[in-house]
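Novice: After the structure tokens below, expect a handful of questions from me.
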Amino acid sequence: MSPDFILFSLVSALWIMLPAYLPNSAAAVLGGGRPVDGGRTFRDGKRIFGDGKTWQGLFLGILAGILIGSMEIGAREYFGLMMLPELTFPVVVILAAGALLGDLVKSFFKRRLGKERGAEWLVADQYDFVIGAFVLLLLLQYEWVVATVTPLMVLWIIIMTPLLHRVVNIIGYLTGVKDVPW
Ligand code: CTP
Ligand code: MG
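Mind the numbering: the sequence shown is residues -10 to 171 in my numbering, read in order.
As structure tokens, then:
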């Protein structure tokens, strides 16, 4: 494997994952207001999702992912960056929505484990949005996944996701957007 190919796979992985990565940060910056569970508790007496999952975060986060993905679709075409993986509008919507749905499902299980909002849950906190995005993609855009995502890109996503998550959350913490650096 040439170094060029390895590096190119990294760029390709980041390119396709951007519409799934951005919604998380956008939700943290733009979220707030009424929680998705409306304050309700599950039968174990604990919150269904908790105050960290709001409608505003969900909608504006997904919108941010769709916007960046649409810009990528336009930029690839406009600048003739045809060597980069092709994103389509449905794929972008699924990446963005899958990411925050994965995050929501993660919070459901986090509450069942008795972890408070914002408590750290290693692995789950880092990969929830990637898993959400890929589960939805495999269900709804299987052909695109097979044609676009290579094993090396998957490996890069596994390596880069927790690193980016860490860096972005530390920035969020230092700028006061998040209460905890994870
Ligand atoms: N956020 C939101 N709506 C969402 C997702 C996130 O408003 N659907 C905002 C919340 O302000 C949340 C912040 O983004 O506190 C950071 O998101 P995350 O780390 O996923 O939530 P936590 O507060 O850590 O909650 P949990 O323990 O449930 O993961
Ligand atoms: Mg968290």
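Note that beta-carbon positions come from the ideal geometry of N, C-alpha and C, so glycine has one too.
Looking at the ligand CTP, does it come within less than 7 Å of residue 26, judged from the CB to the closest heavy atom?
Specialist: Translated into the one-based positions of the sequence shown, residue 26 becomes position 37. For the ligand CTP, not one heavy atom lies less than 7 Å from the Cβ of residue 26.
Novice: Can the beta-carbon of residue 86 be found less than 8 Å from the beta-carbon of residue 125?
Specialist: As a first step, residue 86 must be located in the sequence shown, where it is residue number 97. As a first step, residue 125 must be located in the sequence shown, where it is residue number 136. Their beta carbons are under 8 Å apart, which means residue 86 touches residue 125 by this criterion.
Novice: Can you say whether residue 160 is buried or exposed, counting buried as having 16 or more other CB atoms within 10 angstroms of its CB?
Specialist: Translated into the one-based positions of the sequence shown, residue 160 becomes position 171. By the neighbour-count rule (16 or more Cβ atoms within 10 Å), residue 160 is not buried but exposed.
Novice: Taking 7 Å as the cut-off, does the CB of residue 87 come closer than this to any heavy atom belonging to the ligand CTP?
Specialist: Here residue 87 refers to the residue found at position 98 of the sequence shown. Checking the Cβ of residue 87 against the ligand CTP gives no.
Novice: Under the three-state reduction of DSSP, which class applies to residue 36: helix, strand or coil?
Specialist: Looking up residue 36 in the sequence shown gives position 47. Three-state result, residue 36: strand.
Novice: Is the Cβ-Cβ distance between residue 116 and residue 150 less than 8 Å?
Specialist: Residue mapping note: residue 116 aligns to position 127 of the sequence shown, counting from 1. Residue mapping note: residue 150 aligns to position 161 of the sequence shown, counting from 1. Yes. Within cutoff.
Novice: Which value, in whole angstroms, describes the spacing of the CA atoms of residue 122 and residue 30?
Specialist: Counting from one through the sequence shown, the residue named residue 122 turns up at place 133. Counting from one through the sequence shown, the residue named residue 30 turns up at place 41. Each residue's Cα considered, the two are about 27 Å apart.
Novice: With which residues is residue 24 paired in a DSSP beta bridge?
Specialist: Here the question's residue 24 lines up with position 35 in the sequence shown. For residue 24, which the question treats as bridged, DSSP gives the partners 43.
Novice: Please state whether DSSP places residue 77 in a helix, a strand or coil.
Specialist: As a position in the sequence shown, residue 77 is number 88, starting the count at 1. Here residue 77 sits in coil by DSSP.
Novice: Let me check you understand the geometry: is the CB of residue 2 closer than 7 Å to at least one non-hydrogen atom of the ligand CTP?
Specialist: Start at 1 with the first residue of the sequence shown, and residue 2 comes out as number 13. For the ligand CTP, not one heavy atom lies less than 7 Å from the Cβ of residue 2.
Novice: Label residue 92 either buried or exposed according to how many other C-beta atoms from any shown protein chain fall within 10 Å of its C-beta, with 16 as the threshold for buried.
Specialist: Locating residue 92 in the sequence shown gives position 103, counting from the first residue. It is buried - the Cβ of residue 92 has at least 16 other Cβ atoms within 10 Å.
Novice: Are there any heavy atoms of the ligand CTP lying less than 7 Å away from the beta-carbon of residue 54, as far as the coordinates show?
Specialist: The residue you call residue 54 lines up with position 65 of the sequence shown. Result no, Cβ not under 7 Å from the ligand CTP.
Novice: Evaluate the contact criterion for the stretch 66 to 80 versus the stretch 37 to 46: three or more CB pairs, one atom per stretch, below 8 Å.
Specialist: They do not touch, by the three-pair rule.
Novice: State yes or no: is the C-beta of residue 89 within less than 8 Å of the C-beta of residue 8?
Specialist: As a working note, residue 89 is residue 100 in the sequence shown. As a working note, residue 8 is residue 19 in the sequence shown. Contact: no.
Novice: Could you compute how far the alpha carbon of residue 158 sits from the alpha carbon of residue 73?
Specialist: Translated into positions along the sequence shown, residue 158 becomes position 169. Translated into positions along the sequence shown, residue 73 becomes position 84. Their Cα atoms are separated by approximately 28 Å.
Novice: Assign residue 142 to buried or exposed, taking buried as 16 or more other Cβ atoms, counted over all protein chains shown, within 10 Å of its Cβ.
Specialist: Counting from one through the sequence shown, the residue named residue 142 turns up at place 153. Classification of residue 142: buried, given that the 10 Å Cβ count is 16 or more.
Novice: Does the stretch 33 to 40 come close enough to the stretch 92 to 102 that 3 or more CB-CB pairs lie under 8 Å?
Specialist: As far as the Cβ criterion goes, the stretch 92 to 102 touches the stretch 33 to 40, which means the pair count is three or higher.
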